[in-house]
Amino acid sequence: FVDEPTSGLSSRDSENIMDLLKELALKGKLVFVVIHQPSSDIFKMFDKLLILDVGGYPIYFGNPVESVIYFKKLVNQVNAEESECNTCGNVNPEQVFNIIESKVFDENGDLTHNRRVSSAEWNEFYKSKIDLNSSSNSTNTKREIHNPFKKPNFINQFKVFVVRDVLSKLSNTQYLAITLLEAPLLAFILAILVRYYKNGGHYAFYNNKNMPAFMFMCVLVALFVGLMVSAEEIIRDRKILKRESFLNLSKGSYLFSKIVIMFFISAIQTLTFVLIGNYVLEIRGMYVDYWLVLFTTSCCANMLGLNISSSFNSVVTIYILIPFLLIPQILLSGVLVKFSELNPNISSQAVVPVSGDMMTSRWAFEALAVNQFANNEYEKPQYNFDKQMRNASLKSGEWYSKMISLSDDALSAQRTSQKDSAISIMKNEVADEMNKTPKLSFDVNKLAGNSYNKEIAKEFKEYLSLVKKYYAVIYNQISKSKDEWLAQFQNSDASKAGFQEMKMDYQNEKLEELMKNDDPMVDPLIVEKNKLIPTKDPIFRDASNSNFIRSHFFAPRKNVFGNYYSTFWVNIIVIWMMSFFLWITLYYDALSKVLTFFGKLPTILKSKK
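Put into structure tokens, the structure is as follows:
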């Protein structure tokens, strides 16, 4: 749709413009042009001429040159069959307007302001002579138009979208500077602030009390930066997308181009963040691990940002919404508030509650923390020793004592409910234990509330004693193996100093406390759903066999279809699965449709009433 494209141009420039429009028309495009005072050559270029009279009445539609003959015949001019000059071949379009606007003469021969033929009368001629003919002969006027230009395929559209977006971003130096500098600047500021050591002392990674806080801030920065980068991406292109909507371009190629660019930016941002942050805080040997977790987290934030950018129509609304998206990530990450200390209606002692499992921050921080503790150069060689010793110590110590106490409670309980509760816990624990140690067996059917007596209790305690001895032997064997392994570092003062230096460089005391939950005020075993749930040493306990992927916080391995895999890789895959889900919601405009539905809900309810 072009409105007066030749106004103010020279005759040559006007013809050039019309040539371009004519070329577009010949390639299959439908071009509407509003034009005043066209020259003869320009007038002849048009395929069809539509004339609207005062009041919006259509009075002619057809070949432009034949319009002159049409109107001449209607007013019975003597040269009605001539549309152009016989000598030069020029057409005077003004003849048409002169005929349409011809005035009535009064009795003195002067022109009046009244037209000879009104708009409505011209329109009646149009209906009787043109409109009927055009509708009856419409099939004859159709012709095949060869269009040499075809819609590009997915890959070519993707290339165009990427190039256009990249060039747009490169031209915006302010955006480019902020995007590339904010992550390393944040890393430097955070790392300098949390680089803790005592006055007059020497910085050591082991003594830095702020490492868990820094790791959590890494996750939040990845989320925040990922959201901020992508939050305006689609809403900024809304006018362009509306303009190009008639081309029926691939929505997938456009979205995929946005995702690729966002992921590339996130890769650079998280890489610079990790390089500077880890260097300042002397986090050794974890550059790739940190980058992989933070990049994955930032990509998930990118997808979330693209979703809200696609669903809302105001930039202000988007930036108001971002805190509402980040605050649950902070609160339900399991760092500031332990999952066991949340509202009892949503918390769980055995596994992370569902509300926590829905948070990207929970999976990202757990992956960082578990990997930093278990896979550093100091802990990695002795981790399996510590894991087996801790689990054996739990069974031969706290677990044994708790089971003895439950047996005594079952004998002395005055209320049936108390006795049944103790018996249920004992049955569940013995059944679970016999799956682990089938050589040590006990008849679980004897653990019944009505028949539990001193004889059965004595037999039960004998079984518990065997279990305790079994795990005590395991503990001693593993302890001996660890001592033999440690002996290689005790050969000389130099080897001892080297081993101690490795601990100071790779292990962190505060993170170790967090992973082991070494709080003396915490009960090592609690009861939930008639089972004993350990609270100590979560880093040394694998997830339960009965939970697919779900586990307690800081589990070193997770159960996936019956097999155990490293928490680090499982958590990264889970975050990518979240990103894939957000891709689906983005492609099908799920969030936008939900918002539209809730927007219409009051009207629907009102109509039902």
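All you need for the numbering used here is the position in the sequence shown, starting with 1, plus 1479.
All C-beta atoms, glycine included, are put in the ideal place defined by N, C-alpha and C.
Beta-bridge partners of residue i, as assigned by DSSP
| i | result |
| --- | --- |
| residue 1540 | 1529 |
| residue 2013 | 2004 |
| residue 1582 | 1594 |
| residue 1767 | Bridge partners of residue 1767: none, in fact. |
| residue 2037 | 2044 |
| residue 1946 | Answer is none; residue 1946 lacks a bridge partner. |
Residue nearest to residue i in terms of C-alpha spacing, selected from the options
| i | options | result |
| --- | --- | --- |
| residue 1992 | 1962, 1579 and 1852 | 1852 |
| residue 1798 | 1712, 1655 and 1820 | 1712 |
| residue 2030 | 1854, 1827 and 1808 | 1827 |
| residue 1900 | 1913, 1911 and 1884 | 1884 |
| residue 1807 | 1778, 1784 and 1841 | 1841 |
| residue 1644 | 1630, 1709, 1547 and 1780 | 1709 |
| residue 1835 | 2054, 1500, 1603 and 2077 | 2054 |
| residue 1639 | 1655, 1950 and 1733 | 1733 |
| residue 1700 | 1776, 1785 and 1794 | 1776 |
| residue 1989 | 1738, 1675, 1765 and 1792 | 1675 |
| residue 1697 | 1760, 1655 and 1512 | 1760 |
| residue 1534 | 1946, 1581 and 1601 | 1601 |
| residue 1924 | 2021, 1935, 1683 and 1633 | 1935 |
| residue 1855 | 1869, 1680, 1606 and 1767 | 1767 |
| residue 1582 | 1658, 2000, 1574 and 1593 | 1593 |
| residue 1908 | 1887, 1890 and 1882 | 1882 |
| residue 1870 | 1819, 1951 and 1945 | 1951 |
| residue 2051 | 1778, 1571 and 1485 | 1778 |
| residue 1839 | 1958, 1717 and 1813 | 1813 |
| residue 1547 | 1576, 2005 and 2067 | 1576 |
| residue 1580 | 1571, 1597, 1567 and 1805 | 1597 |
| residue 1758 | 1895, 1703, 1984 and 1866 | 1984 |
Collapsed DSSP secondary structure at residue i in the structure displayed
| i | result |
| --- | --- |
| residue 2074 | helix |
| residue 1482 | strand |
| residue 2053 | helix |
| residue 1618 | Since pLDDT at residue 1618 reaches only 49, below the 50 mark, its modelled position is unreliable, and the value read off the structure follows with that caveat. In the structure shown, residue 1618 sits in a helix (DSSP, three-state: H, G or I). |
| residue 1512 | strand |
| residue 1552 | helix |
| residue 1630 | coil |
| residue 1741 | helix |
| residue 1883 | helix |
| residue 1502 | helix |
| residue 1433 | Within the shown structure, residues of the chain are numbered from 1480 to 2088, placing residue 1433 beyond reach of any answer. |
| residue 1692 | helix |
| residue 1916 | coil |
| residue 1715 | helix |
| residue 1931 | coil |
| residue 1736 | helix |
| residue 1962 | helix |
| residue 1815 | coil |
| residue 1791 | coil |
| residue 1969 | coil |
| residue 1494 | helix |
| residue 1487 | coil |
| residue 1697 | helix |
| residue 1952 | helix |
| residue 1678 | coil |
| residue 1637 | helix |
| residue 1762 | coil |
| residue 2022 | coil |
| residue 1848 | helix |
| residue 1561 | coil |
| residue 1894 | coil |
| residue 1837 | coil |
| residue 1779 | helix |
| residue 1683 | coil |
The region 1817–1834 / the region 1855–1872 touching (three or more Cβ pairs under 8 Å):
These segments do not touch.
I want to know whether the region 1661–1675 touches the region 1739–1755 - three or more CB-CB distances under 8 Å.
The region 1661–1675 vs the region 1739–1755: in contact.
Closer than 8 Å is the cut-off here; do at least three beta carbon pairs connect the region 1723–1741 with the region 1817–1826?
No, the region 1723–1741 is not in contact with the region 1817–1826.
Are the region 1557–1568 and the region 1589–1596 touching, with three or more C-beta to C-beta distances below 8 Å?
The answer is no - the region 1589–1596 does not touch the region 1557–1568, with fewer than three Cβ pairs under 8 Å.
Kindly provide the ranges of any alpha helix (DSSP H) runs that are 4 or more residues long and lie completely inside the region 1851–1882, ordered along the chain.
Secondary structure remark: continuous alpha helix (DSSP H) runs of at least 4 residues inside the region 1851–1882, in chain order: 1862–1873.
For the 8 Å Cβ check, are there 3 or more pairs between the region 2033–2051 and the region 2008–2020?
Proximity of the region 2033–2051 to the region 2008–2020 meets the contact definition, three or more beta-carbon pairs being nearer than 8 Å.
Below 8 Å, how does it come out for the region 1485–1499 and the region 1510–1523: are there three or more Cβ pairs, yes or no?
Three or more Cβ pairs drawn from the region 1485–1499 and the region 1510–1523 lie within less than 8 Å of each other, which places the two stretches in contact.
Check whether the region 1929–1949 touches the region 1911–1920, taking contact to mean three or more Cβ pairs, one atom from each stretch, closer than 8 Å.
In short, these stretches touch, since the Cβ pair count reaches three.
Is there contact between the region 1779–1788 and the region 1992–2007, where contact requires at least three CB pairs shorter than 8 Å?
No contact exists between the region 1779–1788 and the region 1992–2007.
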